[in-house]
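S.K.:
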Amino acid sequence: MEIQAYFKHTIPAIAIAIAFTSSTFVHADNASEKINIYTHRHYDVDQQLFEQFTEATGIEVNVVKAKADQLIERLKSEGEGSPADLLFTVDIGRLHKAKTEGLLQPVDSPILEANIPSHLRDDDNHWFGLTKRARVIVYHKDRVDPSELSSYEALVDPKWQGRLVIRSSGNIYNQSLMASLIAANGAKASLEWAEGVVANMARRPKGNDRDQVKAIAAGLADIAVVNTYYIGLLLNSENPEEVEAGRQVKVFFPNQKDRGTHINVSGVGLTKGAPNAENAIKLIEFLSGPEAQQLFAEANYEYPVLPGVATADTVAQWGTFKEDKVPLSSLGEKNAEAVMLFDHAGWK
Ligand code: FE
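Throughout, the working numbering is defined as the position within the sequence shown, counted from one, plus 1156.
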């Protein structure tokens, strides 16, 4: 298995020998070796990767799943006694929040520096992006011609009145998109943008990204703003209705003629008091490596952060795109302003 080769450099030879002789022996021998993860990620591929990591290292991975804000509150209330080693989120906004609240510590790892491009990790090494996602426009394949689309900004055009669906402003994906608009156009223009989007909504925001696609398929709307991997998940779903919904829409990468499409990362930070810091860093390094990156790409239709790893076939069909290179940390800094402007705009 390639993972064995990968870990040769980071784990003492004896551990490798133990890990690959007998799996029952591994668990008995490394009973005290564990990592505790607080995660907002809700994708099946993570469990698969944690199991691979345990198989390769004998280190047990315990997972607590909840929304990032709840996990951050839990970290705060547990203080130094927290059992958590890693905080996983689905968006930079929450990692930035955890950093500014003093809940994370820097990780000095040449492997992570080599694997993860600098705009996808924190300048002070408090968090690291592990998968990349683009927040794109999807449109109904027959009712919209792609020549009618151009940018996020152009979604306020009155021609979309009653034809646009997008989830609530409480959602972090939308907050980071709004932060990227503030970074590009300033607060005043971004408030007007949010008001324009609200004016064009086909319905009051409800549901998740997948539900917006289903609304288009059901004829309730013609365009939506969603994260790319949800289209991949719908098209490859075991549920025929989801596949059919995915087939009704096409992906459009906005702002290709200017700053590029808004991207975000799902990422991880080492907690301040991590009781198993060394093992936790090994897991982050494993997740940034070629095998894990490929699995993230194939199983969840995300974009790998490690250069050179191919995307899934479904994702490759959408083509390549120019991404907005605004530092993700600056989007975290603008999160509070984004929330406030959404509120002023009446975006529920
Ligand atoms: Fe998601």
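Note that CB positions come from ideal geometry on N, CA and C, so glycine has one too.
Please read these numbers as outputs of a predicted model, since none were measured by experiment.
Quick test of your reading: Asn1271 and Ser1444, contact by CB under 8 Å. State the CB separation rounded to the nearest angstrom.
M.R.: Correct: roughly 4 Å between the Cβ atoms.
S.K.: Does the beta-carbon of Ala1169 have 16 or more other beta-carbons within 10 angstroms, so that it is buried, or is it exposed?
M.R.: A caution first: Ala1169 carries a pLDDT of 34, below 50, which makes its placement in the model unreliable, though a value can still be read off. With fewer than 16 other Cβ atoms within 10 Å, it is exposed.
S.K.: Arg1291 and His1196 - do their beta-carbons sit closer together than 8 Å?
M.R.: No; because the gap between Cβ atoms is not below 8 Å, this pair is not in contact.
S.K.: Should Ile1248 and Gly1488 be called a contact, given that it needs their Cβ atoms to be closer than 8 Å?
M.R.: Contact: yes.
S.K.: Kindly list the residues whose CB is nearer than 8 Å to the CB of Leu1462, restricted to its own chain and excluding five residues on each side of it in sequence; keep chain order.
M.R.: If we look at Leu1462 and ignore the five residues flanking it on each side, its Cβ neighbours are Asn1271, Ile1272, Ser1444, Gly1445, Pro1446, Gln1449.
S.K.: Given this structure, state the Cα-to-Cα distance separating Val1382 from Ile1293, to the nearest angstrom.
M.R.: Each residue's Cα considered, the two are about 6 Å apart.
S.K.: List the whole-angstrom C-beta distance separating Ala1468 from Gly1388, where the pair is believed to meet the contact cut-off of C-beta under 8 Å.
M.R.: Yes, they are in contact, since the Cβ atoms of Ala1468 and Gly1388 sit about 6 Å apart, within 8 Å.
S.K.: Return the Cβ separation of Ala1224 and Arg1250 in integer angstroms, given the expectation that the two are a contact with Cβ distance under 8 Å.
M.R.: Contact flag correct, Cβ pair sits at about 4 Å.
S.K.: So, are the CB atoms of Lys1232 and Leu1260 less than 8 Å apart?
M.R.: No, the Cβ-Cβ distance between Lys1232 and Leu1260 is not below 8 Å.
S.K.: Given a threshold of 16 other Cβ atoms within 10 Å of its Cβ, counted over all protein chains shown, does Met1496 qualify as buried or as exposed?
M.R.: So Met1496 counts as exposed.
S.K.: Starting from Ile1440, trace the alpha helix (DSSP H) in both directions and tell me its first and last residue.
M.R.: Segment 1433 to 1444, the alpha helix (DSSP H) holding Ile1440.
S.K.: By DSSP, does Ile1502 sit in helix, in strand, or in coil?
M.R.: Per the sequence shown, residue 1502 should be read as Gly rather than Ile. Here Gly1502 sits in coil by DSSP.
S.K.: Return helix, strand or coil for Tyr1194, following the three-state DSSP convention.
M.R.: Reduced to three states, the DSSP call for Tyr1194 is strand.
S.K.: Hey, could you find the ends of the alpha helix (DSSP H) Tyr1385 is sitting in?
M.R.: Looking at the DSSP string, the run of the alpha helix (DSSP H) that includes Tyr1385 is 1384 to 1391.
S.K.: Looking at ligand 1, does it come within less than 7 Å of Asn1383, judged from the CB to the closest heavy atom?
M.R.: Within the cutoff, so yes.
S.K.: Between which residues of its own chain and Arg1319 is the CB-CB distance below 8 Å, once the five residues before and five after are set aside?
M.R.: Correct list, in chain order: Asn1356, Ala1358, Ala1377, Asp1378, Ile1379.
S.K.: Count the other CB atoms, across all protein chains shown, that sit within 10 Å of the CB of Val1220; report buried if there are 16 or more and exposed otherwise.
M.R.: Exposed, since its Cβ has fewer than 16 Cβ neighbours within 10 Å.
S.K.: Give every residue of the same chain whose Cβ lies closer than 6 Å to the Cβ of Gly1352, excluding the five residues on either side of it in the sequence, and list them in chain order.
M.R.: Contacts found: Val1312.
S.K.: Grouping DSSP H, G and I as helix and E and B as strand, with all else coil, what is Ser1178?
M.R.: A caution first: Ser1178 carries a pLDDT of 33, below 50, which makes its placement in the model too unreliable to give a value.
S.K.: What does a CB cutoff of less than 6 Å around Ser1325 pick up in its chain, not counting 5 residues either side in sequence?
M.R.: Around Ser1325: Phe1498, Trp1503.
S.K.: Quick check on His1282: does DSSP put it in helix, strand or coil?
M.R.: Three-state result, His1282: coil.
S.K.: Short of 7 Å in beta carbon distance, which residues of its chain neighbour Ala1340, apart from the five on each side in sequence? Order them along the chain.
M.R.: The residues are Arg1415.
S.K.: Which class does Gly1249 belong to by DSSP, given the choice of helix, strand or coil?
M.R.: Helix, per DSSP.
S.K.: Count the C-beta pairs between the stretch 1297 to 1305 and the stretch 1472 to 1487 that are closer than 8 Å, then say yes if the count reaches three, no if not.
M.R.: Contact between the stretch 1297 to 1305 and the stretch 1472 to 1487 is absent, because fewer than three Cβ pairs lie under 8 Å.
S.K.: Rounded to a whole number of angstroms, what is the C-alpha to C-alpha distance between Tyr1194 and Lys1315?
M.R.: Cα to Cα, the separation comes out at about 44 Å.
S.K.: On a Cα-Cα basis, can you pick out the residue from Val1471, Gln1473, Ile1322, Trp1474 that is closest to Pro1361?
M.R.: The shortest C-alpha separation from Pro1361 is found at Ile1322.
S.K.: Give me the Cβ distance between Gln1331 and Asn1192, rounded to the nearest whole Å; I'm assuming they're in contact under 8 Å.
M.R.: The pair is not a contact, with the Cβ atoms about 28 Å apart (cut-off 8 Å).
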